[in-house]
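Notes for the one structure printed next.
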Amino acid sequence: MRPLRWLRWGITHWQLQTDQHQESADSSRPIFSMYQRMAEEEDNKMVERCQKDADSIIIFTGLFSAAVAALISVTVVDPKHNPQDTSAFYLENMYKLQVLANPNISRPFIPSTPAEPPPFSPPKYVIWVNSLWFLSLAISLTCAMGATMLQQWVRRYLRIT
């Protein structure tokens, strides 16, 4: 008698084959053949559903990732220091120095100005928005990778069974 073999991988459907079972005309043979046919039909339906779901997920995540990448390319510029701000700072200092140097103009109180522009720090909302964009892109790409792995599993399942 040959040892029992598992013919279905990853699913509880199984079929026992022994030399004895093949040689005898057992009364349970029609039941097993009917069960095998129904199990194959259900497997085929499951595989078809998985493939359609994975295709839909890949299409959606691809479009979503493209849209998020476009938005990231626009908003990632916000946290950078604008050189025009530095120019405006120095122009303002030059104006204040001219006002102080001219004796003919009545001078309002002008506080002393720092020599260097203040250090740049992006607003908190810009950091949050960009973080959420990048997180959204990472989750979308992870979903696409998961759907691709599901399709590979389905192909392997079909090949094995």
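Be aware that the sequence shown starts at 291, since it is given in my numbering, and climbs by one per residue. Glycine included, every Cβ here is placed at the ideal spot set by N, Cα and C.
Between Ser355 and Leu427, the gap from beta carbon to beta carbon is short of 8 Å. The stretch 332-343 and the stretch 411-419 do not touch, with fewer than 3 CB-CB distances between them shorter than 8 Å. Remark: C-beta atoms of Thr376 and Pro407 approach each other more closely than 8 Å. Between Thr438 and Ile348, the C-beta gap is smaller than 8 Å, which places the two residues in contact. With respect to the 8 Å criterion, Cys340 and Leu440 are classified as neighbours on the basis of their beta carbons. Out of Glu382, Leu431 and Asn420, the CA that lies nearest to the CA of Gly352 is found in Leu431. Within a 10 Å sphere around the beta-carbon of Ala434 sit 16 or more other beta-carbons, which makes this residue buried.
Nearest to Gln442 by alpha-carbon distance, out of Pro412, Ala344 and Arg327, is Ala344.
For Ser318, the three-state secondary structure derived from DSSP is coil. Around the beta-carbon of Val364, fewer than 16 other beta-carbon atoms lie within 10 Å, marking it exposed. Straight-line spacing of the CA atoms in Arg327 and Ile429 works out to 40 Å.
Closest by C-alpha distance to Phe424, out of Val366, Tyr325, Ser318 and Lys370, is Val366.
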